[in-house]
Structures are given as structure tokens and as C-alpha cells.
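These notes are about the structure you will find just below.
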């Protein structure tokens with residue numbers, strides 16, 4: 001009976017994955033992993049100021065030139081320099097373990113190192129942070145990566161869309177990235193070369209020490 005109970009809980013968790021909030025999922029950051037300076041669904045921004053709405057991704061700070069890594073194998077579906085978000089990469093990472101699409105937006109970048117249509121592998125350097133954090137309003141004057149997970153890429157004409165909804169149709173109702181770490185929900189997983197990770201999972205989009 002004990003094992004049946006665990007299986008049922010697991011199924012329910014996967015069915016409700018898109019509704020899990022950061023406050024309901026404890027997050028463990030391994031030693032050497034760069035800190036998250038603004039969490040998923042946090043009301044506190046990278047400068048500690050109150051946000052007008054819940055944060056739809058995670059923000060990870062870093063020094064000038066810090067590499068940004070592909071969180072899983074995938075295909076680059078868009079590269080862009082948004083008027084507010086700055087340089088941005090959108091990657092289709094295939095499906096999560098429940099079969100739903102995993103579309104990642106990597107925003108507030110410096111130098112973009114990949115092209116639209118390019119296939120990338122987990123851990124590949126796709127961009128760098130730079131000193132452009134005062135040039136774009138959405139970066140809020142603090143150098144960092146904004147990493148956001150959606151289910152549907154906004155392709156084709158963008159109209160007047162801007163910010164994360166320019167790249168993700170569900171940008172205002174994003175999915176918690178902490179659900180998909182390779183070591184398990186809430187267990188931030190550093191990318192290690194020569195390590196095999198399960199399909200449908202993510203590794204940290206920045207290097208760990």
C-alpha cells in the first residue's frame with residue numbers, strides 16, 4: 001500500500017506541474033552554484049524592490065563575460081535583441097518527462113554565440129553576460145540572466161508584444177523551472193561534462209565552480 005501511495009502522488013505531481021509555485025517547492029542550490037538573485041514568482045526584484053507582478057522566471061547574477069549554457073539539448077528557434085529585454089535566445093528543448101514542450105527563454109544576455117536554427121547540446125556555451133545592463137530597462141541595472149520556461153514559442157509577427165511575452169505565448173503564466181532539474185524537483189543540478197542526464201530534464205544554465 002505504501003508504494004501505491006507514492007505512485008499516486010507522483011502522478012498527481014506531474015499533472016499539476018504547471019501550477020506548482022516556488023513557495024510550495026523547496027529549492028536546494030548546490031555548493032559552487034551561482035546564486036539566484038530573484039526567484040520564480042518572487043515579488044522582489046534584482047535590486048530588492050517590490051515587483052508589480054509575480055516574477056515569471058529565475059534571475060542569476062554573474063560577472064562580465066560569464067558564460068551562459070544550454071540547459072538541455074535543443075534547437076534555437078529565435079535570437080533577438082529586444083528593446084527592453086536586450087539580447088535574447090529562445091531554445092526548444094523538446095518535451096519534459098510528461099510529454100509537454102519545454103521552451104526556454106534566455107534573456108538579458110550580452111553576446112549571443114548561436115544562430116536561429118542551430119542545434120545545441122546540454123552545457124554548450126550559447127551566450128555571455130556583458131556590461132550592457134544599463135542599456136536595457138528590463139535588465140534593471142544589474143547584470144544577470146533571466147531564465148524562463150514556457151510551453152509555446154511566439155513565432156511569426158510579434159506585433160506590439162515586448163518582454164517575455166514577445167518570445168513566449170504563455171509568458172505571463174510561466175512554468176516553474178525548478179520542476180525540471182535533472183537531480184529532481186527543487187534540486188538545482190550543475191552541468192558536469194561527461195555526465196549523462198535524463199531526457200526531459202534541465203541543468204543549471206550557468207557554470208558552477
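In full-length UniProt numbering, the protein residues as written are 1 to 209. The beta-carbon is built from N, C-alpha and C at its ideal position, and this holds for glycine as well. Predicted model, so just to flag it, every value in this text is computed and none were measured.
Simplified DSSP assignment, three categories, for residue i
i, result
"residue 173", "helix"
"residue 128", "strand"
"residue 137", "helix"
"residue 178", "helix"
"residue 63", "coil"
"residue 109", "coil"
"residue 80", "strand"
Cβ neighbour criterion (16 or more within 10 Å) applied to residue i
i, result
"residue 38", "buried"
"residue 44", "exposed"
"residue 24", "exposed"
"residue 172", "exposed"
"residue 201", "buried"
"residue 81", "exposed"
Residue i - partner residues in DSSP beta bridges
i, result
"residue 117", "Partner(s): none; residue 117 has no beta bridge."
"residue 167", "Answer is none; residue 167 lacks a bridge partner."
"residue 150", "103"
"residue 28", "187"
"residue 95", "101"
"residue 145", "60"
Close beta carbons around residue i, own chain, < 8 Å, minus the five adjacent residues each side
i, result
"residue 62", "34, 129, 143, 144, 145 and 206"
"residue 198", "97 and 182"
"residue 135", "86"
"residue 190", "30, 32, 33, 203, 204, 207 and 208"
Contacting residues, own chain, Cβ-Cβ under 7 Å from residue i (five flanking each side not counted)
i, result
"residue 40", "22, 55, 57, 58, 176, 177 and 178"
"residue 133", "139, 141, 142 and 143"
Residue i and residue j closer than 8 Å at C-beta
i, j, result
"residue 87", "residue 102", "no"
Sequence-distant residues of the same chain with beta carbon closer than 6 Å to residue i, five excluded per side
i, result
"residue 91", "74, 76 and 104"
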